[in-house]
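Undergrad:
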Amino acid sequence: MSQTAASGLRPGLLDRISLDWWAVLTAVGLAILVGLDLLPPVGW
Amino acid sequence: MTENIAVAAPDPSSLVRRIVELLPGLFLLALIGLGGKFIEQSIAAYGKAHHQPLPNIEYVLWAILIGLAISNTIGVPRLFRVGVATYEFWLKVGIVLLGVRFLLGDLVKVGGVTLGLVAIEIVGSLIFMTILGKAFGLKPKLISLLAVGSSICGVSAIIAAKGAIEAEDEDASYAMAAILALGALSLFVFPAVGHALGLSDHAYVLWAGLGVDNTAEATAAGALYSDTAGKFAVLAKTMRNATIGFVVLGYAIYWARQGQAGPVAHKAAFLWRKFPKFVLGFLLISMLASSHVFTGPEVASLANLSRWAFLLTFAGVGLSTDLRKIAQQGWRPFAVGAIGGAVIAALTLGLVVGADAWVGL
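Residue numbers (the numbering used here), protein chains in the order written: chain S, 669 to 712; chain Z, 8 to 368.
1) Contact criterion: CB-CB distance below 8 Å. Does residue 698 of chain S meet it with respect to chain Z?
2) Whole angstroms is fine: what's the gap from residue 696 of chain S's alpha carbon to residue 59 of chain Z's?
3) Using the beta-carbon of each residue, which ones in chain S are nearer than 7 Å to residue 292 of chain Z?
4) Could you name the residues of the same chain whose beta carbon sits closer than 6 Å to that of residue 67 of chain Z, not counting the 5 residues immediately before and after it, in chain order?
5) Is there a C-beta anywhere in chain S that falls below 8 Å from the one on residue 288 of chain Z?
6) Give the secondary structure of residue 310 of chain Z by DSSP, where H, G and I count as helix, E and B as strand, and everything else as coil.
7) Which whole-angstrom value is the C-beta distance of residue 248 of chain Z and residue 159 of chain Z, which I expect to be below 8 Å?
8) Quick check on the DSSP output: the alpha helix (DSSP H) that includes residue 95 of chain Z runs from which residue to which?
9) Please list, in chain order, all residues of the same chain as residue 122 of chain Z whose beta carbon is under 8 Å from its beta carbon, the five residues on each side excluded.
10) Can you find a CB in chain B that lies within less than 8 Å of the CB of residue 706 of chain S?
11) Would you say residue 311 of chain Z reaches chain S, if we count a Cβ-Cβ gap shorter than 8 Å as a contact?
12) I want to verify the contact list: residues of chain S whose CB lies under 9 Å from the CB of residue 224 of chain Z, in sequence order.
13) Does the distance from the CB of residue 183 of chain Z to the CB of residue 165 of chain Z come in under 8 Å?
14) By the DSSP assignment, the alpha helix (DSSP H) with residue 75 of chain Z in it spans what residues?
15) By the 10 Å Cβ neighbour count, where 16 or more other Cβ atoms means buried, how is residue 205 of chain Z classified, buried or exposed?
16) DSSP state of residue 48 of chain Z, grouped into three classes?
17) Between the region 338-355 of chain Z and the region 130-138 of chain Z, do at least 3 Cβ pairs fall closer than 8 Å?
18) Alpha carbon to alpha carbon, what distance is there between residue 168 of chain Z and residue 282 of chain Z?
19) List, in chain order, every chain S residue whose beta-carbon is nearer than 8 Å to that of residue 314 of chain Z.
20) What residue ranges within the region 109-176 of chain Z form continuous alpha helix (DSSP H) runs of no fewer than 4 residues, ordered along the chain?
21) Grab me the residues of residue 179 of chain Z's own chain with a C-beta within less than 8 Å of its C-beta, minus the 5 sequence neighbours each way, in chain order.
22) Excluding the 5 residues flanking residue 365 of chain Z on each side, which residues of the same chain have their C-beta closer than 7 Å to its C-beta?
23) Below 8 Å between beta carbons is the criterion; list the residues of the region 208-234 of chain Z that meet it against any residue of chain S, in chain order.
24) For residue 103 of chain Z, go through chain S and note every residue whose CB falls closer than 7 Å to its CB, in chain order.
25) Report yes or no: do the region 684-693 of chain S and the region 274-293 of chain Z share at least 3 C-beta pairs separated by less than 8 Å?
26) Let's test the definition: count the other Cβ atoms within 10 Å of the Cβ of residue 198 of chain Z and tell me whether it reaches 16, buried, or not, exposed.
27) Pairs of beta-carbons, one from the region 296-315 of chain Z and one from the region 94-108 of chain Z, closer than 8 Å: are there three or more?
28) Residue 40 of chain Z by DSSP, collapsed to three states: which one?
29) Do residue 155 of chain Z and residue 258 of chain Z have their C-beta atoms within less than 8 Å of each other?
30) Would you call the region 23-32 of chain Z in contact with the region 43-62 of chain Z, where contact means no fewer than 3 C-beta pairs closer than 8 Å?
31) Can you name the residues of chain S whose CB is closer than 8 Å to the CB of residue 27 of chain Z?
32) When the Cα of residue 91 of chain Z is compared with those of Z/35, Z/295, Z/313, Z/242, which residue comes out closest?
33) Just curious, the alpha helix (DSSP H) that residue 708 of chain S is in, first and last residue?
34) Could you give the DSSP three-state label for residue 290 of chain Z: helix, strand or coil?
Printed below as a string of structure tokens:
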């Protein structure tokens, strides 16, 4: 079973890209949004 | 380590349905994580209001305990399972974003010492687990899986090695159960030992990164001790993860020579396939932060996003640990894992204390 499938996402469109790359894309996407000031400041 | 699956033509409606299916589980992860934060803050506020010095127990432990309580009593209802299973995805997103808290100069400085310790830990663990597994009469491929799981990165390494050495499903289940049980145990043992020995933040988190097998548990064990220094546990663990391809390749070649696994045709392609790609994302974000692409407040926002991703992860760790299933796997693999884990923890503790005294951490 692929990691993507193991992660709860059933085989399909999303499985063209591995879980690792999805994580990288998501994180980089968030970084771009923050860098372009398209996301409000995130608190903790 | 991921095998992509051939797929049918994209169907937007199924994509939307799958995203909707994730929502209940994601909501549960957020609820449990926030519940953990609420308990932590409530205890701190109570202690402050009543002038009582209460121990500061991080939300991490509360989130894991709530998750464990649910998964081992009523169980996680089917509706939530798909979303809960995404916790590994959030772990990786969190690690990539954590790169913003490491400047490349720091990585080179801290990474040199850490890399040396990681190399000693991996070699020592592989040798010790092999000897121990043989002494307990475990099957050879199960020994290989336990050795890989203990020395590198827990479940991911076992899954990667299973395919490469053509191990049986049952052996992989035994090895994963042992590693998961030990991971849950280490969340309680590591901070207690660290506090008892009075380890510095840096020494402790490096020890957690070297000694705890699963990435999620290593991240949690580091965060339990100190949020500021917790990132170094992730660094040490990520370095261990990065070696996965080399160790699994070694085992694949060994078992191919024994005639019990297929030959490895293209070694470079094999290494690339097994390499955890999120490490590249971590380095990219660290590189961008080092180049001052982000302003101070932006770095703070990204670091906070990393913490939110870890919050979802920790809730998922508890919800995904079914102690009853682990108990069903029998005692011998667990005994080998436990003895091996204890010895490896002692070895890595010695390494970290030695490095702290020698070069300073």
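Glycine included, each C-beta is placed from N, C-alpha and C at the ideal position.
TA: With the structure as the only source:
1) In the first sequence, counting from the first residue as 1, residue 698 of chain S sits at position 30. Output row for residue 698 of chain S: interface = yes.
2) The sequence position of residue 696 of chain S within the first sequence is 28, counting from 1. The sequence position of residue 59 of chain Z within the second sequence is 52, counting from 1. Each residue's alpha carbon lies about 44 Å from the other.
3) As a working note, residue 292 of chain Z is residue 285 in the second sequence. Within 7 Å Cβ-Cβ: 695, 699.
4) As a working note, residue 67 of chain Z is residue 60 in the second sequence. Answer for residue 67 of chain Z: 227, 230, 231, 321, listed in chain order.
5) The residue given as residue 288 of chain Z occupies position 281 in the second sequence. Answer yes: the Cβ-Cβ gap between residue 288 of chain Z and chain S drops below 8 Å somewhere.
6) On the second sequence, position 303 is the one that residue 310 of chain Z refers to. In the structure shown, residue 310 of chain Z sits in a helix (DSSP, three-state: H, G or I).
7) Within the second sequence, the letter at position 241 stands for residue 248 of chain Z. Within the second sequence, the letter at position 152 stands for residue 159 of chain Z. Indeed, because the Cβ distance is near 7 Å, the residues count as touching under 8 Å.
8) For this step, residue 95 of chain Z is matched to residue 88 along the second sequence. Per DSSP, residue 95 of chain Z belongs to the alpha helix (DSSP H) from 94-105.
9) Mapped onto the second sequence, residue 122 of chain Z falls at position 115. Once the five neighbours on either side are set aside, the close Cβ partners of residue 122 of chain Z are 246.
10) Among the chains of the structure shown, chain B does not appear; the protein chains present are S and Z.
11) Against the second sequence, residue 311 of chain Z aligns to sequence position 304. Yes, because at least one Cβ of chain S sits closer than 8 Å to the Cβ of residue 311 of chain Z.
12) Translated into positions along the second sequence, residue 224 of chain Z becomes position 217. The contacting residues do not exist; residue 224 of chain Z stays about 17 Å from chain S at best.
13) Looking up residue 183 of chain Z in the second sequence gives position 176. Looking up residue 165 of chain Z in the second sequence gives position 158. In contact: residue 183 of chain Z and residue 165 of chain Z (Cβ atoms closer than 8 Å).
14) Residue 75 of chain Z sits at position 68 when you count from the first residue of the second sequence. Element bounds for residue 75 of chain Z: 66-78.
15) Along the second sequence, one-based indexing puts residue 205 of chain Z at 198. Flag for residue 205 of chain Z reads exposed.
16) For this step, residue 48 of chain Z is matched to residue 41 along the second sequence. In the structure shown, residue 48 of chain Z sits in a helix (DSSP, three-state: H, G or I).
17) yes
18) Here residue 282 of chain Z is taken as the residue at index 275 of the second sequence, counted from 1. Here residue 168 of chain Z is taken as the residue at index 161 of the second sequence, counted from 1. Their Cα atoms are separated by approximately 12 Å.
19) One-based indexing of the second sequence puts residue 314 of chain Z at position 307. Near residue 314 of chain Z (Cβ distances below 8 Å), the residues of chain S are 712.
20) 111-142, 147-158, 161-172
21) If you number the second sequence from 1, residue 179 of chain Z lands on position 172. For residue 179 of chain Z, where only same-chain residues beyond five positions count, the Cβ hits under 8 Å are 152, 165, 166, 169.
22) The residue labelled residue 365 of chain Z in the question sits at position 358 within the second sequence. No residues qualify anywhere along the chain.
23) none
24) Looking up residue 103 of chain Z in the second sequence gives position 96. Near residue 103 of chain Z (Cβ distances below 7 Å), the residues of chain S are 691, 692, 695.
25) yes
26) Start at 1 with the first residue of the second sequence, and residue 198 of chain Z comes out as number 191. Label assigned to residue 198 of chain Z: buried.
27) yes
28) As a working mapping, residue 40 of chain Z is identified with position 33 in the second sequence. Residue state, collapsed to three classes: helix.
29) Within the second sequence, numbered from 1, the residue matching residue 155 of chain Z stands at position 148. Within the second sequence, numbered from 1, the residue matching residue 258 of chain Z stands at position 251. Contact flag set, yes.
30) no
31) Position 20 of the second sequence, counted from the first residue, corresponds to residue 27 of chain Z. Going along chain S, no residue has its Cβ under 8 Å from residue 27 of chain Z, so there is no contact; the nearest lies around 13 Å.
32) In the second sequence, the residue the question calls residue 91 of chain Z occupies position 84. The shortest C-alpha separation from residue 91 of chain Z is found at Z/35.
33) Here residue 708 of chain S refers to the residue found at position 40 of the first sequence. Segment: none, residue 708 of chain S is in no alpha helix (DSSP H) and carries neither H nor E.
34) Locating residue 290 of chain Z in the second sequence gives position 283, counting from the first residue. Looking at residue 290 of chain Z - three-state DSSP - the assignment turns out to be helix.
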